Ligand SMILES: [Zn+2]
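Residue numbers (our numbering): 3 to 472.
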């Protein structure tokens, strides 16, 4: 039995939510709009139309690069990626290849066994989106509303070794985009798209075997970039690209499937080929979409209509100052300033709105000597609609409970656990479908606490606990 190690690189595309498109003044807010109503000679690629770069988009691309620990290039430029397909009326996509705006970053992720690992970011570059094709029967419809919408591509080195790292990474990219306010990064709407390059290599005595005829793993990576430290001769001689997968969950399932498929094939002595595969959710299998004999030749060359971009250190500094506090920095601050545990800090910073809500509640609660840890615990454990109950109202309720001597959740949970152990018959009845048994258990909790528990909360926690023990 051979040992194998998965080698995975990710390419993530994020559509920026700027007002206008990347190189023209058409509105970039195209989702759900009537087809071909957000177009002009530039984004339709009509002869003679000249592109003008969107400054806000470039600033957002730079922010994302900085958030991912990249260096901002002093000089970068746009190139034409030439290919012929109807989603691209110009015959080329304006992208970046040899001179990306941001290079060499690091993102920390957790793997399946909870270890922290570093994923190297090769580049974060600016490009434009293409039009959208809809195939129906023998016809294909083209909508150019999306053509020219600002798109950022984030390319990693082939550093992922399991799917938990992929999930964590994708979630972090999404979270950072939302924190920075540069994109909704919604996978279902196509604001965020993932592509994975998957291969496996044989490992002997803990070391990868050298392979002959290896090729570079990720897409437009190592050109003109010496920062890449992955030795090509350590990489498998093929890679499978997983494309057009529109949810984190499906991507994880597709990568898991691919790893198994590839290991089985290699064990049988088969040779794996370079190809693009999609995911069939009904069959829970990947399938061949396109077999590539050679790497595409896009004949990249510098776009003569767009000049080189010079970024000085002052504007990088200014952009850094304008940036929102990032999740990881907020977590550190929450631990240091409010005495929270790392887990609590991670939960409270899940979204910027949740973190802001917490801090506002702490600020208001200070007048009532409410502890930040108390605010944090309640916010994490109690489910309520934060749009309806604003922080001030929430603090008022919390203070009210404290004054009435209502038991906090942590103590209530212990008593509930006791009530469950003491009343196996009621628990069994509940599991057989007798809903009223919960009411009996609530009664026991109230009796035990001499009426100090909030009966509604006790019922909520009891139901949660009983259903998790089925
Ligand atoms: Zn346009």
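Just so it is clear, CB atoms sit at the ideal spot from N, CA and C, and this is done for glycine as well.
This structure is a prediction, so every number in the text was calculated from the model and none was measured.
- Only counting runs of 4 or more residues, tell me where the alpha helix (DSSP H) segments fall wholly within the stretch 146-182, in order along the chain. Runs of the alpha helix (DSSP H) inside the stretch 146-182: 165-182.
- Item | alpha helix (DSSP H) segment containing residue 340, residue limits | Note, residue 340: alpha helix (DSSP H), 329-340.
- Please state if the CB of residue 156 and the CB of residue 330 are separated by a distance shorter than 9 Å. Cβ atoms of residue 330 and residue 156: not closer than 9 Å.
- Please determine if the stretch 20-38 and the stretch 138-158 are in contact, where contact requires at least 3 C-beta pairs separated by less than 8 Å. Contact between the stretch 20-38 and the stretch 138-158 is present, because at least three Cβ pairs lie under 8 Å.
- If I'm right that residue 318 touches residue 74 with Cβ under 8 Å, what's the distance once you round it to whole angstroms? The pair is a contact, with the Cβ atoms about 5 Å apart (cut-off 8 Å).
- Task: Identify the continuous alpha helix (DSSP H) that holds residue 315 and give its terminal residues.
- Result: Segment 315-324, the alpha helix (DSSP H) holding residue 315.
- Message: For ligand 1, I want to know if residue 132 counts as a neighbour, meaning its beta carbon is within less than 8 Å of at least one of the ligand's heavy atoms.
- Response: For residue 132, the shortest C-beta to heavy atom distance toward ligand 1 is 8 Å or greater.
- Message: Cutting at 6 Å between CB atoms, please list the residues of its own chain near residue 101, excluding the five before and the five after it.
- Response: Closer than 6 Å at the Cβ level, and outside the excluded window around residue 101, lie 78, 79.
- Task: Please confirm whether residue 182 and residue 65 have their CB atoms less than 9 Å apart.
- Result: For residue 182 and residue 65, yes; Cβs fall inside 9 Å.
- Message: For ligand 1, I want to know if residue 54 counts as a neighbour, meaning its beta carbon is within less than 8 Å of at least one of the ligand's heavy atoms.
- Response: Not so, every heavy atom of ligand 1 lies at least 8 Å from the Cβ.
- Taking 8 Å as the cut-off, is the CB of residue 351 close to at least one heavy atom of ligand 1? For ligand 1, not one heavy atom lies less than 8 Å from the Cβ of residue 351.
- Alpha carbon to alpha carbon, how far is residue 466 from residue 435? Give it in angstroms, no decimals. Approximately 15 Å, taken between the alpha carbons.
- For residue 41, which of 244, 129, 134, 94 has the nearest alpha-carbon? Among 244, 129, 134, 94, the Cα nearest to that of residue 41 is on 134.
- Give the DSSP bridge partners of residue 281, in chain order. 288.
- Query: What is the rounded straight-line gap between the Cα of residue 403 and the Cα of residue 260?
  - Reply: Rounded to the nearest angstrom, the gap between the Cα atoms of residue 403 and residue 260 is 53 Å.
- Can you tell me where the beta strand (DSSP E) with residue 17 in it begins and where it stops? First-last of the beta strand (DSSP E) with residue 17: 5-17.
- Go through its chain and collect everything with a Cβ distance to residue 360's Cβ below 7 Å, but skip five positions before and after it. Closer than 7 Å at the Cβ level, and outside the excluded window around residue 360, lie 350, 377, 378, 381.
- Message: My output table needs one value for residue 453: the three-state DSSP class, helix, strand or coil.
- Response: Of the three classes helix, strand and coil, the one that applies to residue 453 here is coil, per DSSP.
- Query: For the stretch 431-451 against the stretch 391-399, are there 3 or more C-beta pairs whose distance is under 8 Å?
  - Reply: They do not touch, by the three-pair rule.
- Coarse secondary structure for residue 143, derived from DSSP in three states: Strand, per DSSP.
- Query: Mind checking whether the beta-carbon of residue 107 lies closer than 8 Å to any heavy atom of ligand 1?
  - Reply: Look at residue 107: its beta carbon is at least 8 Å from all of the heavy atoms in ligand 1.
- Message: I want to know whether the stretch 53-64 touches the stretch 120-132 - three or more CB-CB distances under 8 Å.
- Response: Result yes; three or more Cβ-Cβ pairs closer than 8 Å.
- Message: In whole angstroms, give me the CA-to-CA distance for residue 420 and residue 450.
- Response: Rounded to whole angstroms, residue 420 to residue 450 spans 10 Å at the Cα level.
- Lining residues of ligand 1 - beta-carbon closer than 6 Å to any non-hydrogen atom, in sequence order: Checking every Cβ against the heavy atoms of ligand 1 under 6 Å gives 23, 26, 28, 41, 42, 44, 45, 150.
- Secondary structure at residue 226, three-state DSSP: helix, strand or coil? Note that residue 226 scores 41 on pLDDT, short of 50, meaning its location in the model is unreliable; the coordinates nonetheless yield the value given after this. Of the three classes helix, strand and coil, the one that applies to residue 226 here is coil, per DSSP.
- With a threshold of 16 other CB atoms inside 10 Å of the CB of residue 256, please say whether the residue is buried or exposed. Buried, because 16 or more other Cβ atoms sit within 10 Å of the Cβ of residue 256.
- Query: With 16 other CB atoms within 10 Å as the buried threshold, where does residue 69 fall?
  - Reply: It counts as buried.
- Kindly confirm or deny that the stretch 82-93 and the stretch 341-349 touch, where touching means at least three C-beta pairs closer than 8 Å. The stretch 82-93, when compared against the stretch 341-349, does not touch it at the 8 Å Cβ threshold.
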